[in-house]
Structures are given as C-alpha cells and as structure tokens.
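Colleague: Numbering (my numbering), first residue to last: 723 to 1003.
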Amino acid sequence: MIEYVCINYISVILIKYGVDKIFQTQFPTPESNILFTRFGNLDQDILFWSIIGTSKIYNLIIGSIEFFTGILLLFKRSLFLVLLLSIISFSQIFIINIGFDISVKFFSLILLLMSIFLVRETGWKLILIIIRVPGKTYFDQATFLPYKAFLKILIVGILFIKLGISYFNKEDEKNPLNLVGAYHVSSPESPYQYLFFHKDQYLIFMDKSSEKMSAFHYDISVDNQIILKDDNHNMSKHKLLKNQKDSTITFYFKNQKINAKAVDFKKMNVSQDRFHILTDY
C-alpha cells in the first residue's frame, strides 16, 4: 500500500513538473524588472530561475522527459527503469536546490528518498518482469478495466483537468489597460529611471541614483485608475493614462507627473531564441 501511494505521488509530481516546464510556468521568461537588474545584485536562486527561463528548448526537452516519466510510472512493466530515471531526475533537482540555495531542498530530498525506497528490493526481479512475455494479453482478463487501472486513469484525468484550468484560464479582465513590461521614465525631474509592471500585478519603481527597487501590488479600478498597496497594506489611488498609439503612460504619483514610454525588452539579447550548430570557428 505504501509503495502504491509513493508511486502515484511521484507520478503526479513529475507530470506536474513536466507540464509546468513545457508551458514555462515553473521557469517563466524573466520579468522586465529582473532583466534590468544588475547581474551581481541578484540572488543565486533568482539568477538560476531567470537563466533557465530564457531557454524554451531546455524547458521543452526536460519537461517532456519528466512528463513521460510520470506517465510511465503508472505502468508496472516499465516501473523499474522509470524509477531509475526518476532517481536521476530528483538527484539533479536536489543538487540544483543545494547548489543555488533554492528553498525546496527538503521536499526534493524526500522525493529522491521515495524513489530510492521504491527500488530497494526490486532489482533483477523487476528486470525479469519487464523482459518476459506475458501468457495472457490485457484483453483476456476477466475485468477489462481493473480497479487499479481505473484509479490510475482517474488520478491522471483529475490532474490534467486541474492543470488545464490553470494554464488556459486567462483572466485578462483584471488588467484592462494591458500594463506589462518595462517603461523608461522620460520626466527629468522624476527620481525614477524605470517603471516595471509585473504579470502578477506588481508595480516596481527603480531609482535613478541607487537603482534600488520598491514594489507595490496594484489593481485597476472601474474608472481605470491604479490602486497601489504597499507592504504595510496602506492603499492609495492614482491617475494613470495610457496612450495605445505610442505606448506611453502618464502617471501621477506623490504629487508628481511621471511620463514614461514602453521599452521593448523582448529585443534584448537574453530574450532571443538563438541556436548555433557550429560555434567553434
């Protein structure tokens, strides 16, 4: 029973990790405020997360491997080899978490130990089960869909429905002004150099002098004004106008008028999808 629970739990985790990478929600494309922050000012975990997020190919390949590993864990005939692949995968994740000081070290260690636990006594017995030809085919069984098979299909089905809702349920109505990305402040008297609108509805200010950043969670009101909330839950309402033609905004904040223009940060070198077959020349 314990082994059955562990296998299904690891399967769900790997499928979730795989789908998250394929859709780039685990390692998303770096936000504009990260792209405009100096390399040396970023923590190791954010640096790792950001660099991996720039490579769609890496996320697609690793995500596909983890996804199919999770699926194959549900089939007994491939269990031993897939568990070995799981051990390799979780070992890599655990080493990354240790090396880059990522905060899920204990969780990844548990997943690794669970995988090792599942292969502790299988060895050659499972290898023989994998290579032998069964006397009966699947359709010769008295019950076409056994209880365990039904349970596995149910688990995978629920997981896919849950994942599908989170990936395809876009709530664009929360940001009617379509505020996203970096804006370069053109007002000479303003103390700010850039404004960053994070996809999770955070407005981030970068100072001109120190490049220090201060963040506010924001919402857009019915009359298209921006409501800011700081870390102490203090709220303030500000007028914000956006010109869709030239991608400029006018923002009234702390008794000052801030004019800013959108920066196409997707043209930065780190955001380009490049692939060179021959690099040694």
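Note that beta-carbon positions come from the ideal geometry of N, C-alpha and C, so glycine has one too. The structure displayed is predicted, hence computed values, not measured ones.
Rounded to whole angstroms, what's the CA-CA distance from Ile732 to Ile824? Just pull it up for me.
Modeller: 20 Å
Colleague: Which whole-angstrom value describes the C-beta separation of Leu769 and Ile744, a residue pair presumed to lie in contact below a C-beta threshold of 8 Å?
Modeller: The pair is not a contact, with the Cβ atoms about 23 Å apart (cut-off 8 Å).
Colleague: Given Ile784, which residues of its chain have a CB within under 6 Å of its CB, disregarding the five upstream and five downstream residues?
Modeller: Lys743
Colleague: I'd like to know if the stretch 758 to 769 and the stretch 817 to 835 are in contact, where contact means that at least 3 CB-CB pairs between them fall below 8 Å.
Modeller: Between the stretch 758 to 769 and the stretch 817 to 835 there are three or more inter-stretch CB-CB distances shorter than 8 Å, so the stretches are counted as touching.
Colleague: Using three-state DSSP, classify Ser958 as helix, strand or coil.
Modeller: strand
Colleague: Can you tell me the Cα-Cα spacing of Ile817 and Gln966, whole angstroms?
Modeller: 46 Å
Colleague: Rank Asp953, Thr972, Leu917 by C-alpha distance to the C-alpha of Ser754 and give the top, closest one.
Modeller: Leu917
Colleague: From Phe758 to Lys827, what does the alpha carbon distance come to, in whole angstroms?
Modeller: 29 Å
Colleague: For the stretch 984 to 994 and the stretch 923 to 932, state whether three or more C-beta atom pairs, one from each stretch, are separated by less than 8 Å.
Modeller: no
Colleague: Quick one: what does DSSP say Gln863 is sitting in, helix, strand or coil?
Modeller: Since pLDDT at Gln863 reaches only 48, below the 50 mark, its modelled position is unreliable, and no value is offered.
Colleague: Use the C-beta contact count for Leu806: other C-beta atoms within 10 angstroms, 16 or more gives buried, fewer gives exposed.
Modeller: exposed
Colleague: Does DSSP put Ser671 in a helix, in a strand, or in coil?
Modeller: Any property of residue 671 remains undetermined from this structure, which presents the chain solely from 723 to 1003.
Colleague: Got a sec, what are the start and stop residues for the alpha helix (DSSP H) Asp683 sits in?
Modeller: What is shown of the chain runs 723 to 1003, which leaves residue 683 out entirely.
Colleague: For Phe919, which residues from the same chain have a beta carbon less than 7 Å from its beta carbon, with the 5 sequence-adjacent residues on both sides left out?
Modeller: Leu901, Val902, Gly903, Leu925
Colleague: Using alpha carbons as the reference points, say which of Leu831, Arg799, Ser800 lies closest to Ser811.
Modeller: Leu831
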